[in-house]
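A short worksheet on the structure shown next.
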Amino acid sequence: MAISRHSGHLFIEKKSAAEIAKEFGTPCYVYSKHSIEASFNRFKNAFAHRKNLICYAVKANSNIAIINMLARLGSGFDIVSGGELSRVIAAGG
Numbered sequence: 408m409a410i411s412r413h414s415g416h417l418f419i420e421k422k423s424a425a426e427i428a429k430e431f432g433t434p435c436y437v438y439s440k441h442s443i444e445a446s447f448n449r450f451k452n453a454f455a456h457r458k459n460l461i462c463y464a465v466k467a468n469s470n471i472a473i474i475n476m477l478a479r480l481g482s483g484f485d486i487v488s489g490g491e492l493s494r495v496i497a498a499g500g
């Protein structure tokens, strides 16, 4: 499980939310690499019997690290602007 509670403390994967807040300040966005990869692969496997290309809508979240992770998993990208294209290229997509 990506998010859990142990002894009254919140953990995201194996790092405590308090440690994340101390390191990066607040507010901050925290993503679970494991959850994103698992969700993408479940979706990809559900359509494996058909020729397909799963495309991530960059407007949903243009975080370069997320785009890079999805590119390495074989995702295509739905882009609607030059800025979104630049982010995908910068991320290796």
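Take 408 as the starting number for the sequence shown in our numbering and just add one per residue.
The beta-carbon is built from N, C-alpha and C at its ideal position, and this holds for glycine as well.
| Item | Value |
| --- | --- |
| In terms of residues, what are the limits of the alpha helix (DSSP H) holding Arg-457? | Arg-457 -> no alpha helix (DSSP H), and no H or E assigned at all. |
| Can we say the stretch 434-443 touches the stretch 452-467, given the rule of at least three CB pairs closer than 8 angstroms? | no |
| Within 10 Å of its beta-carbon, does Ala-482 have 16 or more other beta-carbons around it, so buried, or fewer, so exposed? | Here residue 482 is Ser; the residue named in the question, Ala, does not match the sequence. Classification for Ser-482: buried. |
| Can you check which of these residues, Ala-428, Ser-442, Glu-430, Lys-451, is closest to Glu-420 by C-alpha distance? | Ser-442 |
| Taking C-alpha atoms, which residue in Glu-491, Phe-484, Ala-409, His-416 lies nearest to Ser-446? | Ala-409 |
| What would DSSP say about Ser-423, mapped onto helix, strand or coil? | strand |
| Among the residues of its own chain, which have a CB less than 8 angstroms from the CB of Ile-427, if the five just before and after it don't count? | Ile-419, Cys-435, Val-437 |
| Using the Cα positions of Asn-452 and Cys-462, report the straight-line distance between them to the nearest angstrom. | 14 angstroms |
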